[in-house]
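In this text, residue positions in the sequence shown follow UniProt numbering: the first is 1, and each later residue adds one. Backbone N, C-alpha and C define an ideal beta-carbon position, used for all residues, glycine too. The structure presented is a predicted model; accordingly, all values stated were derived computationally and were not measured.
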Amino acid sequence: MASSESSVRKQRKAAKRPLSEDPDRSAAEERGQQQRHQVLCATLRGEDASVRLLEELLFGAEERLAERLTVRLTTTHSLTTLSLSASTSSVCSEDQTQPAVRSAAWEDEDDEQEEEIDMTHRFRRDFKKSEAENKMTKQRLQQRLKEQFQKAMGGTPSWAEATAKRSMKKDEDESEDLLRRTGNFIGSSNSLPKGIIKMKKCVNANSECPGGDQLTSVQFHPSAQIVMTAGLDHSVSLFQVDGKSNPKIQTIHLENFPVSKASFSADGEHIVATGLRNKLFYIYDMMEGRVLPVSSVRGLNEQWVLDFQVSPDGKYLLLSGSSGYLHLMTTKTREVIRSMKMNGSVCAAAFTTDSSQIFANSQEGEVFIWDVQSSKCLKKFPDDGCVRGTSLALSRDGLYLACGSQSGVVNIYSQQDCLQKLEPRPLKAIMNLVTAASSLCFNSTSEILAIGSRADDEANRLVHLPSFTVFSNFPQFQKKTIFQTCCLDFSPRSGFYSVANNKGHALLFRLLHYSDF
Numbered sequence: 001m002a003s004s005e006s007s008v009r010k011q012r013k014a015a016k017r018p019l020s021e022d023p024d025r026s027a028a029e030e031r032g033q034q035q036r037h038q039v040l041c042a043t044l045r046g047e048d049a050s051v052r053l054l055e056e057l058l059f060g061a062e063e064r065l066a067e068r069l070t071v072r073l074t075t076t077h078s079l080t081t082l083s084l085s086a087s088t089s090s091v092c093s094e095d096q097t098q099p100a101v102r103s104a105a106w107e108d109e110d111d112e113q114e115e116e117i118d119m120t121h122r123f124r125r126d127f128k129k130s131e132a133e134n135k136m137t138k139q140r141l142q143q144r145l146k147e148q149f150q151k152a153m154g155g156t157p158s159w160a161e162a163t164a165k166r167s168m169k170k171d172e173d174e175s176e177d178l179l180r181r182t183g184n185f186i187g188s189s190n191s192l193p194k195g196i197i198k199m200k201k202c203v204n205a206n207s208e209c210p211g212g213d214q215l216t217s218v219q220f221h222p223s224a225q226i227v228m229t230a231g232l233d234h235s236v237s238l239f240q241v242d243g244k245s246n247p248k249i250q251t252i253h254l255e256n257f258p259v260s261k262a263s264f265s266a267d268g269e270h271i272v273a274t275g276l277r278n279k280l281f282y283i284y285d286m287m288e289g290r291v292l293p294v295s296s297v298r299g300l301n302e303q304w305v306l307d308f309q310v311s312p313d314g315k316y317l318l319l320s321g322s323s324g325y326l327h328l329m330t331t332k333t334r335e336v337i338r339s340m341k342m343n344g345s346v347c348a349a350a351f352t353t354d355s356s357q358i359f360a361n362s363q364e365g366e367v368f369i370w371d372v373q374s375s376k377c378l379k380k381f382p383d384d385g386c387v388r389g390t391s392l393a394l395s396r397d398g399l400y401l402a403c404g405s406q407s408g409v410v411n412i413y414s415q416q417d418c419l420q421k422l423e424p425r426p427l428k429a430i431m432n433l434v435t436a437a438s439s440l441c442f443n444s445t446s447e448i449l450a451i452g453s454r455a456d457d458e459a460n461r462l463v464h465l466p467s468f469t470v471f472s473n474f475p476q477f478q479k480k481t482i483f484q485t486c487c488l489d490f491s492p493r494s495g496f497y498s499v500a501n502n503k504g505h506a507l508l509f510r511l512l513h514y515s516d517f
């Protein structure tokens, strides 16, 4: 029993004996264990790689690919940022740098050169304006084609105006805001461009009270935002001009008095109206609201007075009589102080801006220039090519004289040439009317001459000065809007244009180039 216990104790001591007791054996065992561990790790790594490869083949590796690209772009951007910041460190900081602009793979030198079109080709000859236009850039040719199309269509067709109207409305709103802030700002640019005039049709000026018969007069007030209409329905009406509703201010009925012509006085406080039947005329005092009939004028021996002109200084009324007489009446005493006689019958007359001279033409086609103070005829010359005169107008700046004829031709002269040359030649003969030119009017800046005829529908044109060309987009020929032109006028600063027609309507147009009334 004792011997067996001693043998068990010996075995336990041998098991607890340290490895250092047999160093060679322990080192060998440790190396073997390390080798087995390495083989196991290699096997595991191989299994993981094969699994990843299988996953990529089955499901793709979009996520890992996106991560690698993100890392690559981040690295590239960092390198670019470092290079840029190194070269421009004195100008920009690192947080203000921008990614480098990629250069074009191919640059063609011909792209920088404007392509020129041969205008001598038989398909393009009609678009030439002169023989010198043998070559034309593509952009100019496109603009020329656009102008020709609008001219043929009588303006921009309705199907092409959808977006244009929205942009134009935005521009108008901006211009209205500008008006509220600028006051006496006259124009949106220095000069009016030719070709196409920017305008829009507004509600008729007398929409609240149309004329019961043909209108004979339309005129804007010289200082207030008011327009006056008068006609054969024995009435004179005043309207406030806003372009939207144009509310009526007042209507004056003159019993048994069809109005031949009505006009504001120079100060805008009175309205003078003449009739068709006798020499009686009326003066309406706007301040007091009284109508004053003038049954007779001292020194006036005429059966009737149809036409008259108000001098710009407000001192005179020039009454057109019969047998070639022009009578100068003072507005203060209402008596004729001078009379002038021309050969033939008086057709039309007008004062110069300073009221020192009178231009008049006869139905026989002659133009007379009179001195107001002495009543002497300073000059007389024939209207070039005119057989029978019909109308006359002077520009406010003293540059132009326009004479209309029965054939529809309107000759435009230089006022200076008319005074200095023996037989002045017209600067331009406007031949866009085929019936008698009965109405002529210059706008305030002398950039537009309005011409019209009461003998034909839509016979109304706007002439651009000083190019002497007609605006191609007015009037629009898709439908009748103007009918027969009886009278026309521009507002004091050319913001509006009105045409009185034979239907009793005073058409109103907004000229968008001019921002004030």
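Quiz prompt | Closest by C-alpha distance to F442, when choosing among S494, L433, I430 and E288 | solution = Position 442 of the sequence shown, counting from 1, holds the residue named residue 442. The residue with the shortest Cα to Cα distance from F442 is S494.
Self-check item: Cutoff 6 Å; reference M342; Cβ partners in own chain excluding five residues on either side
Solution: Reading the sequence shown from its first residue, position 342 is the one you call residue 342. If we look at M342 and ignore the five residues flanking it on each side, its Cβ neighbours are G324, S362 and F368.
Quiz item: For Q420, does the three-state DSSP call read helix, strand or coil?
Solution: To locate residue 420, count along the sequence shown from 1; it is residue 420. Helix at Q420.
Exercise. Within 10 angstroms of the Cβ of G32, are there 16 or more other Cβ atoms? Answer buried if so, exposed if not.
Key: Walking along the sequence shown from the start, residue 32 turns up at place 32. So G32 counts as exposed.
Quiz prompt | Residue nearest to E269 in terms of C-alpha spacing, selected from D354, N278 and Y284 | solution = Along the sequence shown, read from residue 1 onward, the residue named residue 269 stands at position 269. E269 has its Cα closest to that of Y284, out of D354, N278 and Y284.
Practice problem: Give a yes or no on whether the C-beta atoms belonging to R454 and T485 are separated by under 8 Å. | Solution: Stepping through the sequence shown from its first residue, residue 454 is reached at position 454. Stepping through the sequence shown from its first residue, residue 485 is reached at position 485. Less than 8 Å divides the Cβ of R454 from the Cβ of T485.
Quiz item: Straight-line CA distance for N411 to D118?
Solution: Position 411 of the sequence shown, counted from the start, is the residue given in the question as residue 411. Position 118 of the sequence shown, counted from the start, is the residue given in the question as residue 118. In this structure, the straight-line span from the alpha carbon of N411 to that of D118 is close to 37 Å.
Quiz item: Whole-angstrom Cβ separation of T216 and C487, contact assumed at under 8 Å?
Solution: As a working note, residue 216 is residue 216 in the sequence shown. As a working note, residue 487 is residue 487 in the sequence shown. With a beta-carbon spacing of about 6 Å, T216 and C487 fall inside the 8 Å limit used to define contacts.
Self-check item: Cα-Cα separation between F149 and F468, rounded to whole angstroms
Solution: Here the question's residue 149 lines up with position 149 in the sequence shown. Here the question's residue 468 lines up with position 468 in the sequence shown. Whole-angstrom Cα-Cα distance: 21 Å.
Quiz item: How should V387 be labelled, buried or exposed, when 16 other C-beta atoms within 10 angstroms of its C-beta is the threshold for buried?
Solution: The count along the sequence shown starts at 1 and reaches residue 387 at position 387. So V387 counts as exposed.
Practice problem: My understanding is that S265 touches D313, with C-beta atoms under 8 Å, so please give their C-beta distance in whole angstroms. | Solution: Start at 1 with the first residue of the sequence shown, and residue 265 comes out as number 265. Start at 1 with the first residue of the sequence shown, and residue 313 comes out as number 313. That pair is no contact at about 11 Å.
Exercise. Report the residue from K479, L462 and A436 whose alpha carbon sits nearest the alpha carbon of G195.
Key: One-based indexing of the sequence shown puts residue 195 at position 195. It is L462.
Quiz item: Between M329 and L318, what straight-line distance do the alpha-carbon atoms span, to the nearest angstrom?
Solution: As a first step, residue 329 must be located in the sequence shown, where it is residue number 329. As a first step, residue 318 must be located in the sequence shown, where it is residue number 318. When rounded, the distance between both Cα atoms is 6 Å.
Exercise. Since I believe T435 is in contact with A402 (beta carbons under 8 Å), could you give me their beta-carbon distance rounded to a whole number of angstroms?
Key: Counted from its first residue, the sequence shown places residue 402 at position 402. Counted from its first residue, the sequence shown places residue 435 at position 435. Actually they do not touch by this definition, with Cβ atoms about 17 Å apart.
Quiz item: Hey, out of L512, N246 and E302, whose CA is closest to S322's CA?
Solution: Along the sequence shown, read from residue 1 onward, the residue named residue 322 stands at position 322. Looking at the Cα atoms, E302 is the closest of the given residues.
Quiz item: Which residues bound the beta strand (DSSP E) around T330?
Solution: Within the sequence shown, the letter at position 330 stands for residue 330. Element bounds for T330: Y325 to T330.
Exercise. State the Cα-Cα distance for the pair D457 and L399, rounded to the nearest angstrom.
Key: Within the sequence shown, numbered from 1, the residue matching residue 457 stands at position 457. Within the sequence shown, numbered from 1, the residue matching residue 399 stands at position 399. Their Cα atoms are separated by approximately 31 Å.
Quiz item: Along the chain, which unbroken stretches of the alpha helix (DSSP H) at least 4 residues long are found entirely within the region 261–335?
Solution: Whole alpha helix (DSSP H) segments, 4+ residues: zero.
Quiz item: For T137, is the classification buried or exposed, using 16 other Cβ atoms within 10 angstroms of its Cβ as the cut-off for buried?
Solution: Residue 137 sits at position 137 when you count from the first residue of the sequence shown. Counting Cβ neighbours within 10 Å, T137 comes out exposed, since fewer than 16 surround it.
Quiz prompt | Delimiting residues of the beta strand (DSSP E) encompassing G218 | solution = For this step, residue 218 is matched to residue 218 along the sequence shown. Sequence check: residue 218 is Val here, not Gly. L215 to F220 is the span of the beta strand (DSSP E), which, as asked, contains V218.
Exercise. Use the C-beta contact count for H221: other C-beta atoms within 10 angstroms, 16 or more gives buried, fewer gives exposed.
Key: Here residue 221 corresponds to residue number 221 of the sequence shown, with the count starting at 1. H221 counts as buried, since no fewer than 16 other beta carbons sit within 10 angstroms of its beta carbon.
Self-check item: Beta-bridge pairing of I196 - partner residues as DSSP gives them
Solution: On the sequence shown, residue 196 is found 196 positions in, with the first residue counted as 1. Looking at the DSSP output, I196 bridges to nothing.
Exercise. With a 10 Å radius around its C-beta and 16 neighbouring C-beta atoms as the bar for buried, classify F477 as buried or exposed.
Key: For the purposes of this step, residue 477 is taken as residue 477 along the sequence shown, with counting starting at 1. By the 16-neighbour rule on beta-carbons within 10 angstroms, F477 is exposed.
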